[in-house]
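Chains as they are written, first to last, in the working numbering: chain A, 1 to 273; chain B, 1001 to 1183.
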Amino acid sequence: MEDIKAYIESGILELYVLGDVTQEEKLHVETMAAKHAAIKAELEEIGRAVEQYADEHAVEPSDELRNRVLNSLVTNLADDRTFTPQRDNEIDNVVPIRRADRSGFYKYAFAACFVLLIVSVVALINAYRKLNDSNTLIASLQNQNQRFSNTVSLKDSEIGVLRDPTFKMLRMKGTPKSPASALTVAWSPVKKKVWIDMATADMPANDKEHQYQLWALVGNKPVSLGVFNADTASKDMVEMEPTALADAFAVTLEPKGGSSSPTMSEMMVLGKF
Amino acid sequence: MARKRKISLSEEELVRALRNREKVAAEALYDMYSASLFGVISRIVTDTAEAEDVLQEVFVKIWNSFAAYSADKGRLFTWMVNIARNLAIDRIRSRDFKNQTKNQDLENTVNSIDEQRNTAYKPELLGIKELVETLKPEQKSILDLVYFKGYTHVEAADELGVPLGTIKTRLRMAIIQLRKYFN
């Protein structure tokens, strides 16, 4: 025990803890410490005291250093745990740094592009729909316009007939076959034109197999001026085939498409000048 | 401190975690010991940026050669502070460092840096004045030379003009004073 006490008091343990011993001294102290619990306890006490002394003199390194140091440790950690060849390590060391530099930018750029794409597609679909609606509208307006202009030109012709002093108006009266019927015909011998007025017509509606046929009687000879249909919806004037001569006008009901000579038994109306 | 939370483990837990090379071990190691080790390093390597480089080297070496540490050989900090002191001394002895500082007066540098460092000591430790008074000036100067400046006791004897035996006795007395103080 005396030896141990003297060994402790020699100061070698302090020098050991302070790192100020030769390699042989170091091994000797470690051997002694392993053998004698008192020496081990003494070393522990000395170590604790100088540790606290160092702690009292601690200097905080800058805050940024923490990440720098930890990153270098974690990088080493990754290297130690993956048994890849050195060359791969170099590549591994380079690639993540590049990615770290740029990934943020590309991530946001990609997200922005994607959002733009979606917005554009939605806008395009909307525009396409509106364009379709507009086209439909234009088509229907054109259609309507055409109908208006047709109507206007028809009305123009009708008004022209009424205003033209060369036109003679003749109201054909019903025959015994159909006493209630009546039809107005307008004829201009000068212009050779013949119109019938469906607005004031009073003719029974024809079926699908039959049509009315207008005849001009020149002398005693009937001349066909064309066929027409009669129904309640029709309110326009209809231009028939031209004739320069006529003593009388008559309408017969004929098979569809008309006949070459009138069926006298089917005469509906007749008017003479 | 700007840092939100420092990680702290018991020495046994830390040693186990370091053996397993857990990430939390690296963080705890840094949080628990960086200031103490930096205190030692920056007394030897006076340039702050250089000292921080050395501190980084120290942690890398601790981390990579942790298998060499055994709890039988003493406290973890004792082992680490030896690594820190050796790397710091290597740094100032390296040719680059010598060239960089060859025109500076070493004595003046040491004094002025010590004055600077005093302002950086943990201000929350109000006991430090009491601690300084606990040690006699001659005890403190030897302890600081060997512990903080990395002098061998032979060099310290030379520097202070005191016999080797006296140096050893003063060192031992200084540490005994510390033990009393901290207990």
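Every residue gets a Cβ at the ideal spot worked out from N, C-alpha and C, and that includes glycine.
Residue burial classification, residue i (beta-carbon count within 10 angstroms, cutoff 16)
i, result
"I118(A)", "exposed"
"S1034(B)", "buried"
"S224(A)", "buried"
"T252(A)", "buried"
"V121(A)", "exposed"
"V194(A)", "buried"
"E42(A)", "buried"
"M264(A)", "exposed"
"Q144(A)", "exposed"
"Q146(A)", "exposed"
"Y108(A)", "exposed"
"Y53(A)", "buried"
"S181(A)", "buried"
"F148(A)", "exposed"
"V152(A)", "exposed"
"L214(A)", "buried"
"T84(A)", "Note that T84(A) scores a pLDDT of 42, beneath 50, so its modelled location is shaky; the value from the coordinates is reported in the next line. Classification of T84(A): exposed, given that the 10 Å Cβ count is below 16."
"T243(A)", "buried"
"E1050(B)", "buried"
Cβ-Cβ separation, residue j to residue i (assumed contact under 8 Å), whole Å
i, j, result
"R1075(B)", "E60(A)", "Not really, about 22 Å apart at Cβ, beyond 8 Å."
"K177(A)", "M267(A)", "6 Å"
"E1057(B)", "L1087(B)", "5 Å"
"K40(A)", "A33(A)", "4 Å"
"R1172(B)", "G19(A)", "So it is not a contact: roughly 16 Å between Cβ atoms."
"D164(A)", "S188(A)", "6 Å"
"Y1147(B)", "V21(A)", "The Cβ separation is near 14 Å, so there is no contact."
"A1026(B)", "V74(A)", "7 Å"
Reduced DSSP category for residue i - H, G, I as helix; E, B as strand; rest coil
i, result
"L170(A)", "strand"
"E241(A)", "coil"
"L1135(B)", "coil"
"S178(A)", "coil"
"D197(A)", "strand"
"G226(A)", "strand"
"G271(A)", "strand"
"K221(A)", "strand"
"D156(A)", "helix"
"L1009(B)", "coil"
"A216(A)", "strand"
"A248(A)", "strand"
"P255(A)", "strand"
"A41(A)", "helix"
"T184(A)", "strand"
"D274(A)", "The structure shown does not extend to residue 274(A), since chain A is modelled only from 1 to 273, so the question has no answer here."
"D164(A)", "coil"
"H1153(B)", "helix"
"H210(A)", "strand"
"D202(A)", "strand"
"L1087(B)", "helix"
"Q86(A)", "With a pLDDT of 46 at Q86(A), under the threshold of 50, the modelled position of this residue cannot be trusted, and the question is left open."
"D20(A)", "coil"
CB contact flag (residue i, residue j, <8 Å)
i, j, result
"V17(A)", "T1169(B)", "no"
"F1080(B)", "I1062(B)", "Residue identity check: residue 1080(B) is Met in the sequence provided, not Phe. It is a contact, given that the beta carbons lie within the stated cut-off."
"T166(A)", "K192(A)", "no"
"V69(A)", "Y1030(B)", "yes"
"S62(A)", "E1052(B)", "yes"
"L270(A)", "M169(A)", "no"
"H28(A)", "G1039(B)", "no"
"I1041(B)", "L1018(B)", "no"
"S261(A)", "P222(A)", "yes"
"I1044(B)", "I1089(B)", "yes"
"L183(A)", "A199(A)", "no"
"E30(A)", "K1073(B)", "yes"
"Q1177(B)", "L1145(B)", "no"
"H210(A)", "P179(A)", "no"
"S1036(B)", "D3(A)", "no"
Spatial neighbours of residue i in its chain, beta-carbon cut-off 8 Å, leaving aside the 5 residues before and after
i, result
"S1008(B)", "A1028, D1031 and M1032"
"G219(A)", "D247"
Cβ shell of residue i (< 7 Å), same chain only, five flanking positions each side left out
i, result
"I1167(B)", "I1142, H1153, A1156 and A1157"
"I46(A)", "L13, E14 and V17"
"R66(A)", "none"
"T175(A)", "M267, M268, V269 and L270"
"N206(A)", "Y212, N229, A230 and L253"
"V238(A)", "W195, I196, M198 and F228"
"K130(A)", "none"
"E1011(B)", "L1076"
Contacting residues, own chain, Cβ-Cβ under 6 Å from residue i (five flanking each side not counted)
i, result
"L1126(B)", "Any reading at L1126(B) must be qualified, since the residue scores a pLDDT of 48, below 50, and its modelled position is unreliable; the value itself is stated next. Excluding residues within five positions, none has a Cβ falling inside 6 Å."
"V161(A)", "F167, A186 and W195"
"D276(A)", "The requested residue 276(A) does not occur in the structure, where chain A is confined to residues 1 to 273."
"A248(A)", "L217 and K272"
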